[in-house]
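Numbering (the working numbering), first residue to last: 6 to 160.
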Amino acid sequence: MRERFNPVIEAYGADLNLSGHSHSYERSVLVDGHYGTSDTYDTNIHALNAGDGDPLGSGSYHKPNLGPDPNQGTIYSVVGSSSKNTGGLGQHPIMAYWENIEGSLVIDVNGQQLDGYFIDRDGGQNDHFRIHRGSPAYRGLNIILIKAAIDAMNE
Numbered sequence: 006m007r008e009r010f011n012p013v014i015e016a017y018g019a020d021l022n023l024s025g026h027s028h029s030y031e032r033s034v035l036v037d038g039h040y041g042t043s044d045t046y047d048t049n050i051h052a053l054n055a056g057d058g059d060p061l062g063s064g065s066y067h068k069p070n071l072g073p074d075p076n077q078g079t080i081y082s083v084v085g086s087s088s089k090n091t092g093g094l095g096q097h098p099i100m101a102y103w104e105n106i107e108g109s110l111v112i113d114v115n116g117q118q119l120d121g122y123f124i125d126r127d128g129g130q131n132d133h134f135r136i137h138r139g140s141p142a143y144r145g146l147n148i149i150l151i152k153a154a155i156d157a158m159n160e
């Protein structure tokens, strides 16, 4: 998956990749070009912004160009704890945040800004990240369709 699918979605300028595999919540920093195992990750090479993405923390992730813009960074999130958590987090070094609690990711898109909030089972906001695109003329974030990515892989 990471070797075949991730290069395609990054080449098409995806801002956010949502998946569910482990029964936990995990969210990466803004990265590009890392398709190997955790021991091959290098923050200096792969992290376009190694901060937490929280406007009240280290600051929002900023993508200065209009979308779709290839290889300007993608956030990878595993949102698998909506119904249960089963313990055990991989704690991959690419992750800015991880937690083993039931909850859901709420995504709010407003113009050129995307906010993601992980809300736990008790209603607490445990994670917040923001991607902001730089031009007022931009009408929305680039949300890639999986079918387009799969079609591109088959070309």
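Ideal Cβ placement from N, Cα and C applies to all residues, glycine included.
Query	Result
First and last residue of the uninterrupted beta strand (DSSP E) at N105	N105 -> no beta strand (DSSP E), and no H or E assigned at all.
Simplified DSSP state of E15, which is helix, strand or coil	helix
Alpha-carbon to alpha-carbon, N76 and N115	22 Å
DSSP three-state assignment for T79, whether helix, strand or coil	strand
Simplified DSSP assignment, three categories, for N70	coil
Outcome for R138 when other beta-carbon atoms lying within 10 angstroms are tallied against a minimum of 16	buried
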